[in-house]
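*Asks:* Quick note on numbering: the sequence shown equals residues 5 to 425 in our numbering.
For every residue, glycine included, the Cβ atom is placed at its ideal position computed from N, Cα and C.
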Amino acid sequence: MIFCTVRYIFVFSFFIASTFAKQGFGPGQQEWGYVEVRPKAHMFWWLYYTTANVSSKYETRPLVIWLQGGPGGSSTGIGNFREIGPLDANLNPRNHTWTKDYNVLFIDNPVGTGFSYVESLDLLVTTNAQIASDLVQCIKGFFDNVTIFSKTPTYILAESYGGKMGVEFANLWYKEQLNGGIKSNLKGVGLIDSSISAIDNYSFFASYLLHMRLFEQGFVDNNGYRIVDEIAKKLEAAGEAGDWNEVIHFTQKIENLIVNITNNMDWYNILKKVETASVNSTDELVGLMNDKVKKALSLENRWGVQSLYVFLSLLEDNMKPVIHQVENLLNESSLKVYVLTGQLDFIINTPGTLQWIDKMRWRHAVEWSKAPMVPLVINNVIEGYSKSYDRFKLFWVNRSGHMIPVDNPIAMKSILQDLIK
5 MIFCTVRYIF
15 VFSFFIASTF
25 AKQGFGPGQQ
35 EWGYVEVRPK
45 AHMFWWLYYT
55 TANVSSKYET
65 RPLVIWLQGG
75 PGGSSTGIGN
85 FREIGPLDAN
95 LNPRNHTWTK
105 DYNVLFIDNP
115 VGTGFSYVES
125 LDLLVTTNAQ
135 IASDLVQCIK
145 GFFDNVTIFS
155 KTPTYILAES
165 YGGKMGVEFA
175 NLWYKEQLNG
185 GIKSNLKGVG
195 LIDSSISAID
205 NYSFFASYLL
215 HMRLFEQGFV
225 DNNGYRIVDE
235 IAKKLEAAGE
245 AGDWNEVIHF
255 TQKIENLIVN
265 ITNNMDWYNI
275 LKKVETASVN
285 STDELVGLMN
295 DKVKKALSLE
305 NRWGVQSLYV
315 FLSLLEDNMK
325 PVIHQVENLL
335 NESSLKVYVL
345 TGQLDFIINT
355 PGTLQWIDKM
365 RWRHAVEWSK
375 APMVPLVINN
385 VIEGYSKSYD
395 RFKLFWVNRS
405 GHMIPVDNPI
415 AMKSILQDLI
425 K
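(1) Do three or more CB pairs link the segment 232–250 to the segment 199–215 at distances below 8 Å?
(2) For E320 and P114, I'd like the C-alpha separation in whole angstroms.
(3) Where do the ends of the alpha helix (DSSP H) carrying L334 lie?
(4) By alpha-carbon positions, which one of T266, D233 and M269 ends up nearest to T255?
(5) Below 9 Å between beta carbons: does that hold for G192 and V341?
(6) Measure how close the beta-carbons of F85 and L292 come, nearest whole angstrom, since I'm counting them as under 8 Å.
(7) Anyone know if the C-beta pair for F110 and W50 falls short of 9 Å?
(8) Kindly indicate which residue of P409, S199, G194 and I231 has the alpha-carbon position closest to the one of A210.
(9) In whole angstroms, what is the alpha-carbon distance linking I13 and V290?
(10) Short of 8 Å in beta carbon distance, which residues of its chain neighbour E387, apart from the five on each side in sequence? Order them along the chain.
(11) Pick out whichever of L182, V41, N183 and S164 has its Cα sitting closest to the Cα of F350.
(12) Can you tell me whether G37 is buried or exposed, with buried defined as 16 or more other CB within 10 angstroms of its CB?
(13) May I ask you to report which of helix, strand or coil DSSP gives F223?
(14) What span of residues does the beta strand (DSSP E) with A441 cover, start to end?
(15) If you reduce the DSSP assignment to three classes, tell me which class T55 lands in.
(16) To which residues does DSSP link L109 through a beta bridge?
(17) Under three-state DSSP, which class holds F119?
(18) Using the C-alpha atoms, what's the distance from P325 back to N268?
(19) Would you mind working out which of Q310, V378 and I361 sits nearest T117, comparing C-alpha positions?
(20) Start and end of the alpha helix (DSSP H) containing Q256?
(21) Who are the near neighbours of P429 in its chain, counting only those whose CB is closer than 6 Å to its CB and skipping five residues on each side?
(22) Check the DSSP bridge columns for K391 and list the partner residues they point to.
(23) Give every residue of the same chain whose Cβ lies closer than 7 Å to the Cβ of H406, excluding the five residues on either side of it in the sequence, and list them in chain order.
(24) State yes or no: is the C-beta of A236 within less than 9 Å of the C-beta of E172?
(25) Which ranges does the beta strand (DSSP E) cover as unbroken runs of at least 3 residues, wholly within the segment 162–234, from first to last along the chain?
(26) In this structure, how does DSSP classify L303 when only helix, strand and coil are distinguished?
(27) Considering only their Cβ atoms, is the gap separating P75 from M169 smaller than 9 Å?
(28) Is G346 helix, strand or coil when you go by DSSP?
(29) Can you tell me whether DSSP reads T130 as helix, strand or coil?
(30) Run through DSSP, which three-state label would M5 get?
Structure representation (structure tokens):
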């Protein structure tokens with residue numbers, strides 16, 4: 005989502021090109037295919053059936069849909085091989101893969117991301133509403149093709165910018181489900197360090213950097229605090245005025261400043277520093293996806309070639325908040341809504357997340373605010389805390405940055421079980 009990390013971002017017809025429950029790439033049975041969500045706009049999906057002992061009755065286990073961030077980050081690449089899929093990027097089995105317990109569907113969205121593609125760049129989306137509309141068409145096509153999951157409890161799990169896309173997608177999908185447009189059983193949404201209101205997160209950059217000096221990571225002194233905070237206030241003011249070109253300007257300015265004054269701090273986990281190895285691993289993932297994976301799935305299109313264009317096409321929409329979409333889920337649906345925040349995440353920091361939550365106007369906002377914080381204890385270790393009322397639950401996750409499934413898979417597993425129970 006941030007400008008300084010662009011380097012990491014590397015059919016109404018329902019024509020479906022897919023396989024049928026067979027060996028794809030890695031362990032277990034799989035299916036994959038394209039949905040033409042608009043004329044000449046093709047969205048790719050890749051399903052891993054659970055490897056749990058279900059005697060081929062896969063529909064008896066929940067279906068989890070993973071949405072990556074960016075925008076332009078690939079679910080089939082980053083989410084799959086770097087976070088929750090059965091194999092890691094070195095093709096070693098992942099101990100904490102979600103496919104052990106659930107069917108997992110990776111969707112490369114928006115169109116142009118990963119293996120998804122458009123036949124002309126002017127078909128790329130420019131708004132969150134367009135993304136959600138395309139995703140609804142994709143999920144319709146998926147359920148038309150893989151009919152066994154029409155009654156299976158289904159959950160959207162979305163990370164970073166994926167959460168912004170996911171909440172509007174969930175609202176549209178839920179309405180389609182109610183009116184019979186999609187035969188499905190969507191039950192909930194999990195938002196993992198999600199960019200629901202990025203300006204709220206950016207507004208806490210200065211104080212976060214100042215008060216994290218105890219980690220001795222080269223964060224700001226009082227003078228650095230004042231410089232960062234001054235830009236953050238200008239960014240906030242531009243957002244309140246709806247001047248999104250100015251928002252882009254100040255976003256770039258504050259990001260470049262922080263990179264310099266923190267000695268290249270890792271925005272996704274403040275205890276790390278960005279190293280050249282991270283760039284090399286990105287190149288290795290590109291190589292894996294465009295060689296072994298592409299061949300195994302018999303795909304013609306190269307992975308990631310349009311991802312940067314996806315990011316650029318959404319620049320103006322990037323920082324616009326979607327708090328109202330979360331409110332709608334809580335006020336107008338029966339879906340569970342879980343929010344997860346990693347304590348070491350800087351870009352989508354916990355104070356900013358708490359701020360946009362406090363801005364929500366939903367029917368149980370007062371009751372939720374008075375609810376107690378409950379420790380998340382696993383094997384006698386406090387892995388975080390939670391606060392809940394009705395269908396809304398917030399998790400503070402300890403020892404975790406932006407990518408909670410990677411940084412604290414034990415906590416993530418427990419939270420996922422709680423969402424799906």
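*Replies:* Based on what the coordinates show:
(1) yes
(2) 15 Å
(3) I327 to E336
(4) D233
(5) yes
(6) 7 Å
(7) yes
(8) I231
(9) In this prediction, I13 has a pLDDT of 37, which is less than 50 and means its spatial position is unreliable; what the coordinates show is noted afterwards. Between I13 and V290, the C-alpha separation is close to 10 Å.
(10) L380, V381, V401, N402, R403, N412, I414, A415 and S418
(11) S164
(12) buried
(13) coil
(14) The chain is shown from 5 up to 425; residue 441 falls before or after that span and cannot be answered.
(15) coil
(16) L51 and I69
(17) coil
(18) 27 Å
(19) Q310
(20) W248 to I265
(21) No answer is possible for residue 429: it lies beyond the span of the chain, which begins at 5 and ends at 425.
(22) L398
(23) S164, D197, Y272, N273, G346, D349, I351 and I352
(24) no
(25) 190–196
(26) coil
(27) yes
(28) strand
(29) coil
(30) The pLDDT assigned to M5 is 49, lower than 50, so where the model puts this residue is not dependable, and the model offers no usable value.
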